[in-house]
Amino acid sequence: MSTETTCKDKSHPALVIGASSLGTMFEWYDFFLYGALASEIARHFFSGVNETTSFIFALATFAAGFFVRPFGALLFGRIGDLIGRKTTFLATMVIMGASTFLVGLLPTYEAIGVAAPIMLIILRLLQGLAIGGEYGGAAIYVAEHAPAGKRGYYTSWINAMATSGLVMSLLTIMAVRMIFPAEQFSEWAWRIPYLGSALLLAVSVWIRLQLDESPVFRAMRAAGETTRAPFAETFGRWSNLRLVLIALFGCVGGSTVVWYTGQFYILFFLNRMLGVDGLTTNALVLAGLLIGAPSYVLFGWLSDRIGRKPVILCAGALALATYFPAFHALTWAANPALAHAQQAAPVIVAADTADCSLQFDPVGRTQFDERSCDIAKSYLTGNGVSYDNVRLGAGAPA
């Protein structure tokens with residue numbers, strides 16, 4: 290087979306989309322495991338504080354991965370412009386897979402103290418950097434292979450397979466939950482999905498190695514058109530910076546809120562707020578993901594026909610109109626006793642404001658069991674009961 294034929298085979302749309310999308314799915318599997326197992330993470334790595342604060346810490350560590358994602362995109366975007374897309378997202382894949390595997394080996398807070406959450410945060414930051422570079426790199430790689438009029442359809446597979454990564458993580462967790470008793474899962478079996486990422490890493494790297502460099506990048510490098518100062522050109526020129534800000538706050542910001550509310554926060558809402566057991570929660574979210582995943586490809590195709598802006602605006606409007614009613618409906622369906630109680634007998638905490646503390650302790654030293662207002666609010670918050678506040682005079686007990 291000639292070199293030219295091999296190059297053409299490696300640029301075949303099915304291979305480009307398939308290899309890039311599968312690699313993205315495996316990387317997001319790694320990234321999503323943390324969110325799906327947040328309760329176990331809180332129990333094992335933040336056990337030095339009270340239960341509510343430990344869970345908040347676990348979520349804050351999850352958020353840390355998102356905080357560094359833009360920096361990962363900038364860092365690996367720059368590397369991609371220098372050495373190519375393929376090599377860059379191979380590097381991000383190795384970083385992501387290795388970090389996830391190491392989470393499965395980390396000793397707990399009970400074993401080594403505060404060093405455990407510190408190491409967890411470091412690995413989470415590495416995951417955030419890697420996913421920031423990989424996701425953008427994969428999308429660019431596919432877009433640079435897309436023919437005119439099909440860029441939305443081609444890149445939509447990246448988003449669909451990212452959701453499939455969450456599906457895979459939930460399926461893996463559900464399988465482990467069904468194999469091991471609840472006590473064993475909570476004690477050590479929760480590590481199995483993390484350790485299994487080593488196999489996914491090997492498969493992902495092999496798949497990505499089948500790809501060739503994108504034709505657009507090869508042409509740019511051959512013509513000497515790659516930039517030597519991408520940061521200065523992007524952020525130092527208002528015409529370019531304006532486009533970045535529009536993309537960040539006009540497109541990405543809103544879509545991120547919609548995506549993570551519908552696919553991630555719902556896990557916490559069902560499990561922590563409504564008291565649905567972990568296996569049932571995972572099954573419900575999994576069903577929703579399977580129904581929704583094909584819509585990425587549908588709307589990617591539609592954006593090639595009618596434009597990106599109408600699709601984005603309509604989707605945002607739909608989320609705005611349906612999210613609050615949907616979460617209220619979930620409350621009635623998942624925990625009707627709680628929903629009925631909140632409607633029939635709304636809870637009001639009447640107290641002197643000086644008697645109330647902010648129900649968050651970043652260092653785990655504050656006790657919320659001394660003042661009447663703190664006792665009431667801590668109990669209600671811990672049991673997922675919403676309440677309103679009424680202000681009383683100075684010195685009045687709650």
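Numbered according to the working numbering, the sequence shown spans residues 290 to 687. In this text, a Cβ means the ideal position worked out from N, Cα and C, and glycines have one as well. Being a predicted model, the structure only gives us computed values, none of them experimental.
Three-state secondary structure (DSSP) of residue i
i, result
"residue 665", "helix"
"residue 652", "For residue 652, the predicted model reports a pLDDT of 49, less than 50, meaning its position is unreliable; a value from the coordinates is still stated below. In this structure, residue 652 counts as coil in the three-state DSSP scheme."
"residue 582", "coil"
"residue 473", "helix"
"residue 358", "helix"
"residue 540", "helix"
"residue 563", "coil"
"residue 617", "helix"
"residue 301", "coil"
"residue 659", "coil"
"residue 576", "helix"
"residue 335", "coil"
"residue 686", "coil"
"residue 319", "helix"
"residue 603", "helix"
"residue 402", "coil"
"residue 350", "helix"
"residue 526", "coil"
"residue 501", "coil"
"residue 646", "coil"
"residue 324", "helix"
"residue 417", "helix"
"residue 409", "helix"
"residue 556", "helix"
"residue 672", "coil"
"residue 312", "helix"
"residue 363", "helix"
"residue 437", "coil"
"residue 482", "helix"
"residue 395", "coil"
"residue 426", "helix"
Beta-carbon proximity check, residue i vs residue j, cutoff 8 angstroms
i, j, result
"residue 631", "residue 675", "yes"
"residue 310", "residue 463", "no"
"residue 556", "residue 570", "yes"
"residue 361", "residue 312", "no"
"residue 608", "residue 541", "no"
"residue 483", "residue 567", "no"
"residue 431", "residue 305", "yes"
"residue 415", "residue 384", "yes"
"residue 698", "residue 489", "Residue 698 is absent from the model: the chain starts at 290 and stops at 687."
"residue 429", "residue 308", "no"
"residue 620", "residue 563", "yes"
"residue 640", "residue 681", "yes"
"residue 677", "residue 662", "no"
"residue 427", "residue 390", "no"
"residue 446", "residue 586", "yes"
"residue 454", "residue 315", "yes"
Beta bridge counterpart(s) of residue i as assigned by DSSP
i, result
"residue 638", "678"
Residue environment, residue i, which counts as buried when at least 16 other CB atoms sit within 10 Å
i, result
"residue 560", "buried"
"residue 635", "exposed"
"residue 333", "buried"
"residue 580", "exposed"
"residue 448", "buried"
"residue 538", "exposed"
"residue 406", "buried"
"residue 317", "buried"
"residue 358", "buried"
"residue 574", "buried"
"residue 598", "exposed"
"residue 652", "Bear in mind that a pLDDT of 49 at residue 652, under 50, signals an unreliable position, so the number given afterwards is only what the model happens to contain. So residue 652 counts as exposed."
"residue 328", "buried"
"residue 688", "Since the first residue shown for the chain is 290 and the last is 687, residue 688 is missing from the structure and cannot be characterised."
"residue 473", "exposed"
"residue 399", "exposed"
"residue 419", "buried"
"residue 622", "exposed"
"residue 403", "exposed"
"residue 603", "exposed"
"residue 665", "buried"
"residue 498", "exposed"
N-terminal and C-terminal residue of the alpha helix (DSSP H) that residue i is part of
i, result
"residue 381", "374 to 392"
"residue 552", "No alpha helix (DSSP H) holds residue 552; DSSP gives it neither H nor E."
"residue 446", "440 to 468"
"residue 486", "486 to 498"
"residue 625", "625 to 633"
Any non-hydrogen atom of the ligand NAP closer than 7 angstroms to residue i Cβ
i, result
"residue 600", "As far as ligands go, the structure on display features none, and thus does not contain the ligand NAP."
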